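In full-length UniProt numbering, the protein residues as written are 1 to 616. We treat Cβ as the ideally placed atom computed from N, Cα and C, and that holds for glycine. A quick note: this is a predicted structure, and the numbers were derived from the prediction, not measured. Heads up, the thing below is written out as structure tokens.
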């Protein structure tokens, strides 16, 4: 019989629509602005007396608390407005002191029954939710210099193994120079080193006691080092951002030496900047023996005692690059420490260095790259000049009791916070080159709320215009199309929520475009039905022919648009991807609602019934 669906198909459509409704509902419950209170060590929370004092203080300041949630490790205070967050955070932090951490937060307000179904709202992008935008610059000169330092250490070890005497090493720009006692040692060293290090151009300098070997990196080697530096920094920054727990962050390369980082929803910008921009790394070195030549040693101060220093070997055993995992913990005396696991290469190097030096001291050197900004007059104009410098300090100097392997611990840290940050930086990987902040922009929650309001208004206006047009043009069939349009929007929101897609302003534009395109299929079908009626077909035959004959045109048109959306997603970035995601999902939901849902409604209304006239 024409225009009749079997029962299973109606039930399938109903199930899909119910699932879409359930998983779109969380978007009706926006996140609450909140502050989260936890202890510095993360193992306690505020007591009842402190909590009462906090409530009284916030009430006196006119800050209304919506709800209080307590757990074993933290206390969450939900507030009414975003404007109250900063004031509440500052007030509570001043009351509790340094023993507690008071952080800004956005707490989900989705009902528990929806959370039990793993239903959650859409993730909002930087332009809607607010957050921070960083533009970072990679220090390419430092990348080359660091690679030369590593090569110099390897060359010195090679020469010592072959018992070739050398006097000193010097690094200048992209050139590494080794000094020797005579030309014979220099020539022997050149023959040996050139086989192991092919990325240099070699040049003999001087003679006799002034004999030296100058090694300059080739242009190709420099380019490879710089590409590796920015790619490694991209990987490290992505790992750090993931540790921050930011939903849908953006970390991408911009130009030859810059990186863009966008963190939607981040409100504690100081914390984000400290973690993202941290350039800390570790070096493990043996303490120099009294008879070690000065050319093979360096002196470093202790990080927490600048007046105290120690002489260390210039050669590095391992660096933070060989760390595969790091976690904060506390020793038997309650002092913070970092437990470290090394990769295979790092474990081998550490074991080789420590098994032959039992009883000797080994130091952990903390390295941090920083900048100073100063204002200078250049051509009569004030110009900010950035001066890069590096701080190195010993955080631990301990005696090697036995041969170390892949796992050990670092002690001597000042606070649990320092231990937590150090473990985070080591877990995420060290930077291949220092990075500096070139630009920092903060988008506040108020701007995000305004963008959301305007975006929602644009969807409402677009929806209203389409609804009015369909009602006027197609009457009863226009009602079917409008119901399908509402269901289409519900399914689109549900799909984005289930997939964890990020909604941005361009994404909202994609939704508005989807609403306009969604009725195209219905227009084609309805116009086809009109044509079939004009040719003299019966009502049932005209409805059947209208859907059947318009099917191919509708699918072809939407597939070509879907291909364009896929291409935009694959080659686009940020906002373009947001637009492509909503457009792609909108096309799929539009095809379902136009070809299946409206057909089901038409079948229920007219299928198998003696209808003489259609209101279309």
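Under the rule that 16 or more other beta-carbon atoms within 10 Å means buried, what is residue i, buried or exposed?
i	result
residue 94	exposed
residue 309	exposed
residue 626	Past the boundaries of the shown model lies residue 626; the chain is included only from 1 to 616, so the question cannot be answered.
residue 58	buried
residue 10	exposed
residue 207	exposed
residue 146	buried
residue 127	buried
residue 287	buried
residue 49	exposed
residue 482	buried
residue 205	exposed
residue 619	Residue 619 lies beyond the residue range present for the chain, which begins at 1 and ends at 616; the question has no answer from this structure.
residue 475	exposed
residue 139	buried
residue 13	buried
residue 609	exposed
residue 15	exposed
residue 423	buried
residue 381	exposed
residue 532	buried
residue 577	buried
residue 125	buried
residue 410	buried
residue 461	exposed
Which residue or residues does DSSP assign as beta-bridge partners of residue i?
i	result
residue 264	131
residue 389	370
residue 327	339
residue 37	75 and 102
residue 203	214
residue 172	175
residue 136	259 and 437
residue 32	107
residue 124	503
residue 69	76
residue 281	367
residue 492	Its beta-bridge partners do not exist; DSSP assigns none.
residue 188	In the DSSP output, where bridge partners are listed per residue, residue 188 has none listed.
residue 300	310
For residue i, I'd like the list of residues in its chain whose CB is within less than 6 Å of its CB, leaving aside the five on either flank, ordered along the chain.
i	result
residue 607	3 and 4
residue 41	The predicted position of residue 41 is uncertain, since its pLDDT is 49 and thus under 50; no value can be drawn from it.
residue 20	490, 491 and 494
residue 478	470 and 471
residue 353	317
residue 183	207 and 211
residue 29	109 and 110
residue 23	119, 494, 497 and 498
residue 467	482
residue 395	303, 364, 366 and 412
For residue i, collect the residues of the same chain with a Cβ closer than 7 Å to its Cβ; drop the 5 residues on either side in sequence, then sort them by chain order.
i	result
residue 154	none
residue 562	584 and 587
residue 151	176 and 197
residue 572	580
residue 61	87 and 91
residue 226	140 and 143
Just to check my reading of the structure: residue i and residue j have Cβ atoms closer than 8 Å, yes? What is that Cβ distance to the nearest angstrom?
i	j	result
residue 320	residue 281	4 Å
residue 35	residue 85	6 Å
residue 180	residue 167	6 Å
residue 582	residue 507	4 Å
residue 517	residue 590	6 Å
residue 158	residue 261	With 8 Å as the limit, residue 158 and residue 261 do not qualify as a contact, their Cβ atoms being about 39 Å apart.
residue 312	residue 285	4 Å
residue 419	residue 293	At roughly 36 Å, the Cβ-Cβ gap does not stay under 8 Å, so residue 419 and residue 293 are not in contact.
residue 525	residue 547	6 Å
residue 123	residue 514	The Cβ separation is near 19 Å, so there is no contact.
residue 69	residue 76	4 Å
Can you give me the Cβ contacts of residue i inside the same chain, cut-off strictly under 8 Å, excluding the 5 residues immediately before and after it?
i	result
residue 557	520
residue 358	400, 401, 402 and 403
residue 218	199, 200 and 201
With contact counted as at least three CB pairs below 8 Å, one residue from each stretch, are the stretch 5-15 and the stretch 459-473 in contact?
-> Contact fails: fewer than three Cβ-Cβ distances are below 8 Å.
Is it a yes or a no for the stretch 593-601 touching the stretch 449-460, going by three-plus beta-carbon pairs under 8 Å?
-> No, because fewer than three Cβ pairs between the stretch 593-601 and the stretch 449-460 fall closer than 8 Å, the two stretches do not touch.
Is it a yes or a no for the stretch 339-353 touching the stretch 315-331, going by three-plus beta-carbon pairs under 8 Å?
-> Contact holds: three or more Cβ-Cβ distances are below 8 Å.
Decide if the stretch 95-104 is in contact with the stretch 254-265; the criterion is three or more beta carbon pairs, one per stretch, under 8 Å apart.
-> No, because fewer than three Cβ pairs between the stretch 95-104 and the stretch 254-265 fall closer than 8 Å, the two stretches do not touch.
Touching or not, the stretch 99-118 and the stretch 180-199, by the rule of three or more beta carbon pairs under 8 Å?
-> No: the two stretches stay apart, fewer than three of their Cβ pairs being nearer than 8 Å.
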